[in-house]
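Novice: Everything in the sequence shown is counted per full-length UniProt numbering, starting at 1 for the first residue and increasing by one. Just so you know, even glycine gets a beta-carbon here, dropped at the ideal spot from N, CA and C.
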Amino acid sequence: MTSRTAIMYEMKQPDVQLQPFISEDSKHTHEIGRTRRERQEWRTTLFSFVVLACVVLIINTGFLAWAVHSRGITGGLGVLYEASCEATKRANIGVHLLINILSSALLGASNYCMQCLSAPTRPEVDKAHQKGNWLDIGIPSLRNVVSSNFGMRKKICWWILAISSLPLHFCYNSVVFMSLSAQAYGVIQFGPEAKAAIENGSFAGSRNITQQSSNAYLNGLMHSQAFEAGQLEELNLLECIDAYSNSFQSARGNVFLVVDEGVMDTNEAAGIFPSIIRSGLCSAQTGTAWVYQQFKSERGGCFEQEANRFLPRLRADPSIWSPLLGLPVKTGLSEPTGQKCKLNFSVHLAIVVIVFNAIKALTVLAGLSVLRNDPMLTVGDAVVSFLQTPDPSSYNMCLVSQRDIHSTKLRWRELQQPREYTNRRFNWASSVKERKRLMVWLSLFAAIVILFGLFIFGYSSIQGQKDIGSVLRIGLQSVDPRTIVQSYMAHSGIAGILENVIVANSPQVIISLVYFSYNGTITSMLLAHEWSGFFGHAMVNKEAHTFYNFRIATRYPYLAFQSYYTG
Numbered sequence: 001m002t003s004r005t006a007i008m009y010e011m012k013q014p015d016v017q018l019q020p021f022i023s024e025d026s027k028h029t030h031e032i033g034r035t036r037r038e039r040q041e042w043r044t045t046l047f048s049f050v051v052l053a054c055v056v057l058i059i060n061t062g063f064l065a066w067a068v069h070s071r072g073i074t075g076g077l078g079v080l081y082e083a084s085c086e087a088t089k090r091a092n093i094g095v096h097l098l099i100n101i102l103s104s105a106l107l108g109a110s111n112y113c114m115q116c117l118s119a120p121t122r123p124e125v126d127k128a129h130q131k132g133n134w135l136d137i138g139i140p141s142l143r144n145v146v147s148s149n150f151g152m153r154k155k156i157c158w159w160i161l162a163i164s165s166l167p168l169h170f171c172y173n174s175v176v177f178m179s180l181s182a183q184a185y186g187v188i189q190f191g192p193e194a195k196a197a198i199e200n201g202s203f204a205g206s207r208n209i210t211q212q213s214s215n216a217y218l219n220g221l222m223h224s225q226a227f228e229a230g231q232l233e234e235l236n237l238l239e240c241i242d243a244y245s246n247s248f249q250s251a252r253g254n255v256f257l258v259v260d261e262g263v264m265d266t267n268e269a270a271g272i273f274p275s276i277i278r279s280g281l282c283s284a285q286t287g288t289a290w291v292y293q294q295f296k297s298e299r300g301g302c303f304e305q306e307a308n309r310f311l312p313r314l315r316a317d318p319s320i321w322s323p324l325l326g327l328p329v330k331t332g333l334s335e336p337t338g339q340k341c342k343l344n345f346s347v348h349l350a351i352v353v354i355v356f357n358a359i360k361a362l363t364v365l366a367g368l369s370v371l372r373n374d375p376m377l378t379v380g381d382a383v384v385s386f387l388q389t390p391d392p393s394s395y396n397m398c399l400v401s402q403r404d405i406h407s408t409k410l411r412w413r414e415l416q417q418p419r420e421y422t423n424r425r426f427n428w429a430s431s432v433k434e435r436k437r438l439m440v441w442l443s444l445f446a447a448i449v450i451l452f453g454l455f456i457f458g459y460s461s462i463q464g465q466k467d468i469g470s471v472l473r474i475g476l477q478s479v480d481p482r483t484i485v486q487s488y489m490a491h492s493g494i495a496g497i498l499e500n501v502i503v504a505n506s507p508q509v510i511i512s513l514v515y516f517s518y519n520g521t522i523t524s525m526l527l528a529h530e531w532s533g534f535f536g537h538a539m540v541n542k543e544a545h546t547f548y549n550f551r552i553a554t555r556y557p558y559l560a561f562q563s564y565y566t567g
């Protein structure tokens, strides 16, 4: 047979055409019974997902009840754990690993039910074919869901599952979060004469407020109390610079800087108290700018964000360090407090998660009752169904391409005429409608533009040193004033939590939407490639084993990837 040979079909009835493939012997009858049992496995799987969703609901509800009862609530927040930052960080990783396992299980149950709900049954396919229409099989299809051939209850269940996933994407990973305690402290400077006077009780500092925003008497009193309690640790200049240049000081309290003898009065003790402000004049103030205060005359756009510019100069030559009054420091005395970090939880976010968890569990259960006929989840299911019960609407259409179906404005009867076999090769993209391919490219382009726009917005908001090298050296999850979002959002309360949750988790939602967009397209291409390959090889096994399903192949690696990077 050549590529230009005309293939002519006699107008035979479907049962006659398929007769060579259908055997009535007892062996094949047994195979058909086994096939039907295998096709019923989806119901068992879906029921197991109902149980899984209920287990996740019980765990979430039990956690909230235990946390509220045993930990207490203040302003909608509670403290699960408080310890050193290293221990709290390890606990945070463990808790978020569990959260992502639970969320992956819940979303996996939801996705499988959505797959079953969007897969057509044989009566729905026959109904569509009778209208000269078609339904998608083996791929995620929104077109099926909005089709008039689908029942309203299936549509409602599908949309509830789809919409209820958004709050879980936003809230689940933020129910438990780690907070770093920022230590308020003072920076006190005096000479060795004043230090000795304070320690022997002869210090007579003034009680008047000075230009240093404190008075000498109180400054001396702070040193006296720390000295008597034995809480002071002597640091050399480099150690002192490194210890107090960390953003949001959490391990040390007051620091006392001792200058050269004779440059400050015996009863003089200057001091400042660094402030921590989320939205300062041009950036967040993390209480470290005083360390390099001597370089303020060289400031750029935003002094609070220029630590990376000036600190290397101090570390290279600590002897030039003169943060207060322009006087070089000789030594430093610090009050160690120990790092304290907390693992907090939000009651409001936990309630949101529990509510939508319950909605998903009930909807999956409802989907189990709505799906009375076997859905065609894979192309293999469709092959078995049409071999067992031929479709009179589509017989004599073996050489009809997808493009013919999509482009024709005629009835299918017109497509059942004899046609010429051309042996023409098609590329993979031809298996997907041009409009769908365009939507995938547009979604990818839109996601890139949005994410790139967010990067440009964040990068342009940096007022200090912002060359690409210094920005990339910040590192993941590092606390830096340049990475703190400057906005008019609420800074506290439930409003502040919700707004920050939305900002923090928006990229994850965008990536998830893009994933589902291109996933359907790639699945269509792979299915078309495998289906085309069957025509070049003899096929004897007609059972409904899953033909290649890209969604199943990629979903779990995707969930694992998401769990790791959103923890």
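Which full runs of the alpha helix (DSSP H) of 4+ residues lie inside the UniProt domain "DUF6536" (42–190), going along the chain?
Specialist: 85–118, 122–130, 142–146 and 152–171
Novice: In chain order, what residues of the same chain have a beta carbon less than 7 Å from the beta carbon of TRP290, not counting five sequence neighbours either side?
Specialist: Here residue 290 is taken as the residue at index 290 of the sequence shown, counted from 1. For TRP290, where only same-chain residues beyond five positions count, the Cβ hits under 7 Å are VAL187, ILE272, PRO274 and PRO323.
Novice: Looking only at C-alpha atoms, which of ARG403, ILE474, ARG419 and ALA67 sits nearest to VAL432?
Specialist: As a working note, residue 432 is residue 432 in the sequence shown. Ranking the options by Cα distance to VAL432, first place goes to ARG403.
Novice: Out of ARG122, VAL329 and THR74, which has the shortest C-alpha to C-alpha gap to ASP374?
Specialist: What you label residue 374 is simply residue 374 of the sequence shown in a count that begins at 1. If we check each option's Cα against that of ASP374, ARG122 comes out closest.
Novice: Just the Cα atoms here: how many angstroms apart are VAL50 and THR44?
Specialist: As a working note, residue 50 is residue 50 in the sequence shown. As a working note, residue 44 is residue 44 in the sequence shown. The alpha-carbon of VAL50 is positioned some 10 Å away from that of THR44.
Novice: For the alpha helix (DSSP H) that contains ARG252, what are its first and last residues?
Specialist: Along the sequence shown, read from residue 1 onward, the residue named residue 252 stands at position 252. Run containing ARG252: none in the alpha helix (DSSP H); it sits in the beta strand (DSSP E), 252–259.
Novice: Going by other Cβ atoms of all chains shown within 10 Å of its Cβ, with 16 needed for buried, is ILE450 buried or exposed?
Specialist: The residue given as residue 450 occupies position 450 in the sequence shown. By the neighbour-count rule (16 or more Cβ atoms within 10 Å), ILE450 is not buried but exposed.
Novice: Apart from the five residues just before and just after VAL540, which ones in its own chain have a Cβ nearer than 8 Å to its Cβ?
Specialist: The sequence position of residue 540 within the sequence shown is 540, counting from 1. Interpretation of VAL540 is limited by its pLDDT of 45, a score under 50 that renders its predicted location unreliable; the figure taken from the coordinates is listed afterwards. For VAL540, where only same-chain residues beyond five positions count, there are no Cβ hits under 8 Å.
Novice: Excluding five sequence neighbours on each side, which residues of the same chain lie with their C-beta closer than 7 Å to the C-beta of VAL379?
Specialist: Looking up residue 379 in the sequence shown gives position 379. Only ILE137, GLY138, LEU527, TRP531 and PHE547 meet the Cβ criterion.
Novice: Just the Cα atoms here: how many angstroms apart are SER394 and HIS129?
Specialist: As a first step, residue 394 is located in the sequence shown; it is residue number 394 there, counting from the start. As a first step, residue 129 is located in the sequence shown; it is residue number 129 there, counting from the start. Distance between the alpha carbons of SER394 and HIS129: 7 Å.
Novice: Pick helix, strand or coil for LEU327, following the three-state DSSP scheme.
Specialist: What you label residue 327 is simply residue 327 of the sequence shown in a count that begins at 1. Here LEU327 sits in coil by DSSP.
Novice: Which residues share a DSSP beta bridge with CYS341?
Specialist: On the sequence shown, residue 341 is found 341 positions in, with the first residue counted as 1. DSSP lists ALA83 and LEU180 as partners of CYS341.
Novice: Between LYS436, PHE203, LEU362 and GLY453, which has its C-alpha nearest residue 634's C-alpha?
Specialist: Given that the chain is displayed from residue 1 to residue 567, the structure contains no residue 634 and the question cannot be resolved.
Novice: Could you check where the beta strand (DSSP E) with ILE272 kicks off and where it finishes?
Specialist: Counting from one through the sequence shown, the residue named residue 272 turns up at place 272. Residues 270–272.
Novice: On a Cα-Cα basis, can you pick out the residue from ARG315, VAL353 and ALA229 that is closest to LEU102?
Specialist: By 1-based counting over the sequence shown, the position of residue 102 is 102. Considering only alpha carbons, the answer is VAL353.
Novice: Quick check: what's the CA-CA separation for TYR185 versus THR266?
Specialist: Against the sequence shown, residue 185 aligns to sequence position 185. Against the sequence shown, residue 266 aligns to sequence position 266. One C-alpha to the other measures close to 23 Å.
Novice: Rounded to whole angstroms, what's the CA-CA distance from VAL503 to GLY469? Just pull it up for me.
Specialist: Taking the sequence shown and counting its residues from 1, the one referred to as residue 503 is at position 503. Taking the sequence shown and counting its residues from 1, the one referred to as residue 469 is at position 469. Between VAL503 and GLY469, the C-alpha separation is close to 25 Å.
Novice: Just how far apart, CA to CA, sit TYR81 and LEU180?
Specialist: Here residue 81 is taken as the residue at index 81 of the sequence shown, counted from 1. Here residue 180 is taken as the residue at index 180 of the sequence shown, counted from 1. Between TYR81 and LEU180, the C-alpha separation is close to 12 Å.
Novice: By DSSP's criteria, PRO507 is part of a beta bridge. Which residues make up the other side?
Specialist: For the purposes of this step, residue 507 is taken as the residue at position 507 of the sequence shown. Looking at the DSSP output, PRO507 sits in no beta bridge, so it has no partner there.
Novice: Express the C-alpha separation of ASN254 and ASN60 in angstroms, rounding to a whole number.
Specialist: Numbered from its first residue, the sequence shown carries residue 60 at position 60. Numbered from its first residue, the sequence shown carries residue 254 at position 254. Using only the alpha carbons, I get a separation of about 42 Å.
Novice: Can you name the start and end residues of the alpha helix (DSSP H) that GLU239 belongs to?
Specialist: To locate residue 239, count along the sequence shown from 1; it is residue 239. From DSSP, the alpha helix (DSSP H) with GLU239 extends over 237–244.
Novice: Under the three-state reduction of DSSP, which class applies to GLU199: helix, strand or coil?
Specialist: Within the sequence shown, residue 199 is the residue found at index 199, counting from 1. Helix at GLU199.
Novice: Taking C-alpha atoms, which residue in PHE177, ALA269 and CYS171 lies nearest to ALA91?
Specialist: Along the sequence shown, one-based indexing puts residue 91 at 91. Checking every option, the nearest Cα to that of ALA91 belongs to PHE177.
Novice: To the nearest angstrom, how far is it from the Cα of SER165 to the Cα of CYS54?
Specialist: Residue numbering aside, residue 165 sits at position 165 when the sequence shown is read from its first letter. Residue numbering aside, residue 54 sits at position 54 when the sequence shown is read from its first letter. Between SER165 and CYS54, the C-alpha separation is close to 16 Å.
Novice: Taking the beta carbon of ASN423 as the centre, do at least 16 other beta carbons fall within 10 Å, making it buried, or is it exposed?
Specialist: Here the question's residue 423 lines up with position 423 in the sequence shown. Its Cβ having fewer than 16 others within 10 Å, ASN423 is exposed.
Novice: Could you give the DSSP three-state label for LEU333: helix, strand or coil?
Specialist: Looking up residue 333 in the sequence shown gives position 333. If DSSP states are grouped into helix, strand and coil, LEU333 belongs with the strands.
Novice: Would you kindly work out how many angstroms separate the C-alpha atoms of LEU106 and GLY132, rounded to a whole number?
Specialist: The sequence position of residue 106 within the sequence shown is 106, counting from 1. The sequence position of residue 132 within the sequence shown is 132, counting from 1. Answer to the nearest angstrom: the Cα atoms are 38 Å apart.
Novice: According to the Cβ coordinates, are ARG370 and LYS154 closer than 8 Å?
Specialist: Stepping through the sequence shown from its first residue, residue 370 is reached at position 370. Stepping through the sequence shown from its first residue, residue 154 is reached at position 154. In the sequence under discussion, the amino acid at residue 370 is Val, which differs from the Arg named in the question. In contact: VAL370 and LYS154 (Cβ atoms closer than 8 Å).
Novice: Could you tell me the boundaries of the alpha helix (DSSP H) in which ASP381 lies?
Specialist: Counting from 1 along the sequence shown, the entry for residue 381 is found at position 381. Taken as a continuous stretch (DSSP letters only), the alpha helix (DSSP H) holding ASP381 covers 379–388.
Novice: Can you look up PRO298 in the DSSP assignment and give me helix, strand or coil?
Specialist: Taking the sequence shown and counting its residues from 1, one reaches residue 298 at position 298. It should be pointed out that residue 298 corresponds to Glu in this sequence rather than to Pro. In the structure shown, GLU298 sits in a helix (DSSP, three-state: H, G or I).
Novice: Cβ of GLY332 within 8 Å of Cβ of CYS240?
Specialist: Counting from 1 along the sequence shown, the entry for residue 332 is found at position 332. Counting from 1 along the sequence shown, the entry for residue 240 is found at position 240. Yes, the Cβ-Cβ distance between GLY332 and CYS240 is below 8 Å.
Novice: Could you tell me the distance, in whole angstroms, from the CA atom of GLY151 to the CA atom of MET114?
Specialist: If you number the sequence shown from 1, residue 151 lands on position 151. If you number the sequence shown from 1, residue 114 lands on position 114. When rounded, the distance between both Cα atoms is 14 Å.
Novice: What beta strand (DSSP E) runs, 3 residues minimum, are completely inside the segment 425–470?
Specialist: Taking only runs of at least 3 residues, no beta strand (DSSP E) segment lies wholly in the segment 425–470.
Novice: Once the 5 residues before and after LYS330 are set aside, which same chain residues still bring their CB inside 7 Å of it?
Specialist: Numbered from 1 along the sequence shown, position 330 holds the residue referred to as residue 330. The answer, listed in chain order, is VAL258, VAL259 and ASP260.
Novice: State the Cα-Cα distance for the pair MET222 and LEU232, rounded to the nearest angstrom.
Specialist: Here the question's residue 222 lines up with position 222 in the sequence shown. Here the question's residue 232 lines up with position 232 in the sequence shown. Going by the C-alpha atoms only, they are around 11 Å apart.
Novice: Can you tell me whether GLU306 is helix, strand or coil according to DSSP?
Specialist: Residue mapping note: residue 306 aligns to position 306 of the sequence shown, counting from 1. Note: GLU306 maps to coil in three-state DSSP.
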